[in-house]
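Our numbering numbers the first residue of the sequence shown as 335 and each following residue consecutively.
All C-beta atoms, glycine included, are put in the ideal place defined by N, C-alpha and C.
Right, one structure below, let's go through it.
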Amino acid sequence: MLKTLDLKYSKFVQLIATLLFGSYILCVLYLCFYPQTADLSTAATGRVTFHVLGQAPVILEPFTEFYDISFYLNILMTIPAGCFIILLFQKYLGRAELLVISIGIGAMIEGTQFLLDNLGLMTRFVDINDVIANMAGVLMGYLLAELFGRTARYFLK
């Protein structure tokens, strides 16, 4: 997006984008990997909604958390990742590439949580719904950045 807009200070803007991306990654690492203990009780719902694989509590049933605020917070958390894809790659991706990257980001976060759970370093839920929410957030962020870039190019002609 930076090259396509021919910004006068594009190297400076690229540096700022890289620093912001680094700060964003640190925030995501804190949110996703700060050691917490998951509440494994079933008292609230009366039913078991997860399975334990090794030492990791895993939720495999998709589309069950649409009414939970954490689903939407996961979307919100990954919207900037979608924006940074355009800023850092400096080009628009094909839909297949974007889909693979957006699924990969969520799968990488949850896979790392699964690994850390099984190493006994933390107890966090590994949740397929988080992968879905992360994917949606990356896609939304990318589409918003793409729309902004195309709109800016139109008005800067």
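Pick from Ile-359, Thr-352, Pro-396 and Ser-357 that is closest to Ile-466, judged by C-alpha positions: Pro-396
Mind checking whether Thr-457 and Phe-367 have CB atoms under 8 Å apart? Taking 8 Å as the Cβ cut-off, Thr-457 and Phe-367 do not qualify as a contacting pair.
For Val-440, I'd like the list of residues in its chain whose CB is within less than 6 Å of its CB, leaving aside the five on either flank, ordered along the chain. Inspection of the sequence shows that residue 440 is occupied by Gly rather than by Val. Counting only Cβ-Cβ distances below 6 Å, and skipping sequence neighbours, we find Val-465, Asn-468 and Met-469.
Confirm, please, whether the CB-CB distance from Tyr-476 to Ile-420 is below 8 Å. Yes, the Cβ-Cβ distance between Ile-420 and Tyr-476 is below 8 Å.
Could you compute how far the alpha carbon of Glu-514 sits from the alpha carbon of Leu-407? No information on residue 514 is available, as it lies outside the stretch 335 to 491 that the chain covers here.
Neighbourhood of Ile-413 by C-beta, 8 Å cutoff - its chain only, sequence neighbours within 5 removed: Sequence-distant Cβ neighbours of Ile-413 in its own chain, meaning closer than 8 Å and more than five residues away, are Gly-471, Val-472, Met-474, Gly-475 and Leu-478.
With respect to the beta strand (DSSP E) encompassing Pro-369, which residues constitute its N-terminal and C-terminal limits? Taken as a continuous stretch (DSSP letters only), Pro-369 belongs to no beta strand (DSSP E), as it is neither H nor E.
My output table needs one value for Asp-461: the three-state DSSP class, helix, strand or coil. strand
What residue from Phe-448, Gly-438, Val-460 and Phe-418 has the CA that sits closest to Gly-483's CA? Phe-418
Extent of the continuous beta strand (DSSP E) run through Pro-391: 390-393
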